[in-house]
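Chains as they are written, first to last, in the numbering used here: chain V, 5 to 202; chain Z, 5 to 202.
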DNA sequence: TTTATTCGCTAACATTCGTTAGTATATTAC
DNA sequence: GTAATATACTAACGAATGTTAGCGAATAAA
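Structure below.
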């Protein structure tokens, strides 16, 4: 019937993407149907295909959009001339920030990537593995110069990343503390577990 | 055609349950079909219904089986006469043990519970909320007697539980350290983040 | 104003889904 | 041996899925 946005506004697809992120997060990728998505966009299901190629394409774009942001941050942090422990806290803060301010996409990227189709799936898994390796390398560097407790670095990375993923629960919580306080608490607990007893 | 187990062996359903856990974990509840499950049991899809009521019933039983084990452990820990910090480490070790030795069910309980049908869904969410409250209460008690750093207890619980959920990645890892070392590392990092600077 | 393009719609498609009905066979109980 | 029960099978159902085809109206370009 009526077009919702003017023609020259190319952000129609971006609206679909953001609605898709919310829907995939709420229902899960498999349980979210194109008809649901269409409804939340305010359009019939078939009309979506004037803007997108397929349901999976939506997942591709969401996942790699998020992944690229994290990779870019990792580049910056690696290049920075600051102590290792600060690099880690910087990364933790970035993760938390992303989780809070781009909740839906980050969550989808975190929990629904396994439904990616295969050229993309392997690519994504490689990027993920690489990211964790680079994170672990920073921790190992910190261990060598005694600014970090001697622990198994891959295990530490695993703990950090999943702990941050838990903000999901905070996000849904009714009586939530404010974002800054949350960040500070997480850095205290997670960072505190890394620093050697002084 | 041929029955796979003898009649008086009542564990046919348990086989289905354990195959379901593995399948739900691998594919996700929605993406796992009864025909896939049947294949992995070695039977036609319709035959499953001689043993189970529905697909959702499988999820119920998996989720509440796990949830009940954790609730029972919490009862024990609360009743024990040991310092708060030891209670917490005890719980952490229990979580890790469960995650390692009952991986598939625990994972499914953790990540797929949202597909429970509604009398069960609310029930499950309540139990979950209650469990976290009781966990947080132990932390708060520890804070009051100065054996734990003054932090936001609900946030700490959230971090702990999700960090442990990350063992999922360890489980899939090719070059994994052994389970005891993993446990020790996690207790060091997570416990270390809680103890006050001395 | 005419022409081309964008973007909505309805209708329909082939698959896949969970599940039921009805039947046959093998085991157990008597 | 006979009756009863447990459990496997084949066939089929209605519903929901992602997606395509084709059409009409609105916008942009000429």
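Yeah, the Cβ is synthetic: ideal placement off N, Cα and C, and Gly gets one too. Note that the structure is predicted; figures quoted are calculated from it, not measured.
Do we get a CB-CB distance below 8 angstroms when we pair residue i with the residues of chain Z?
{"i": "residue 146 (chain V)", "result": "no"}
{"i": "residue 185 (chain V)", "result": "yes"}
{"i": "residue 35 (chain V)", "result": "yes"}
{"i": "residue 64 (chain V)", "result": "no"}
{"i": "residue 59 (chain V)", "result": "no"}
{"i": "residue 190 (chain V)", "result": "yes"}
{"i": "residue 194 (chain V)", "result": "yes"}
{"i": "residue 181 (chain V)", "result": "yes"}
{"i": "residue 114 (chain V)", "result": "no"}
{"i": "residue 137 (chain V)", "result": "no"}
{"i": "residue 198 (chain V)", "result": "yes"}
{"i": "residue 162 (chain V)", "result": "yes"}
{"i": "residue 16 (chain V)", "result": "no"}
{"i": "residue 12 (chain V)", "result": "Unreliable placement is indicated for residue 12 (chain V), whose pLDDT of 45 sits below 50; the coordinate value is still reported in the next sentence. Closer than 8 angstroms: no."}
{"i": "residue 155 (chain V)", "result": "yes"}
Can you give me the start and stop residues for the alpha helix (DSSP H) that residue i sits inside?
{"i": "residue 156 (chain V)", "result": "Premise fails: residue 156 (chain V) is in no alpha helix (DSSP H) and is neither H nor E."}
{"i": "residue 139 (chain Z)", "result": "122-148"}
{"i": "residue 111 (chain V)", "result": "107-115"}
{"i": "residue 185 (chain Z)", "result": "183-190"}
{"i": "residue 66 (chain Z)", "result": "59-83"}
Got a sec: is the Cβ-Cβ distance from residue i to anything in chain V below 8 angstroms?
{"i": "residue 103 (chain Z)", "result": "no"}
{"i": "residue 175 (chain Z)", "result": "no"}
{"i": "residue 127 (chain Z)", "result": "no"}
{"i": "residue 178 (chain Z)", "result": "no"}
{"i": "residue 166 (chain Z)", "result": "yes"}
{"i": "residue 24 (chain Z)", "result": "no"}
{"i": "residue 140 (chain Z)", "result": "no"}
{"i": "residue 121 (chain Z)", "result": "no"}
{"i": "residue 169 (chain Z)", "result": "yes"}
{"i": "residue 88 (chain Z)", "result": "no"}
{"i": "residue 69 (chain Z)", "result": "no"}
{"i": "residue 32 (chain Z)", "result": "yes"}
Classify residue i as helix, strand or coil using the three-state DSSP reduction.
{"i": "residue 165 (chain V)", "result": "helix"}
{"i": "residue 179 (chain V)", "result": "coil"}
{"i": "residue 93 (chain V)", "result": "helix"}
{"i": "residue 16 (chain Z)", "result": "helix"}
{"i": "residue 47 (chain Z)", "result": "coil"}
{"i": "residue 55 (chain Z)", "result": "coil"}
{"i": "residue 170 (chain Z)", "result": "coil"}
{"i": "residue 98 (chain V)", "result": "helix"}
{"i": "residue 118 (chain V)", "result": "helix"}
{"i": "residue 198 (chain Z)", "result": "coil"}
{"i": "residue 35 (chain V)", "result": "coil"}
{"i": "residue 86 (chain Z)", "result": "coil"}
{"i": "residue 11 (chain Z)", "result": "In this prediction, residue 11 (chain Z) has a pLDDT of 45, which is less than 50 and means its spatial position is unreliable; nothing more can be read from the coordinates."}
Compute the minimum distance between the beta carbon of residue i and the heavy atoms of the ligand PLP, and state whether it is under 7 angstroms.
{"i": "residue 75 (chain V)", "result": "In the structure on display, the ligand PLP does not appear, and there are no ligands present to speak of."}
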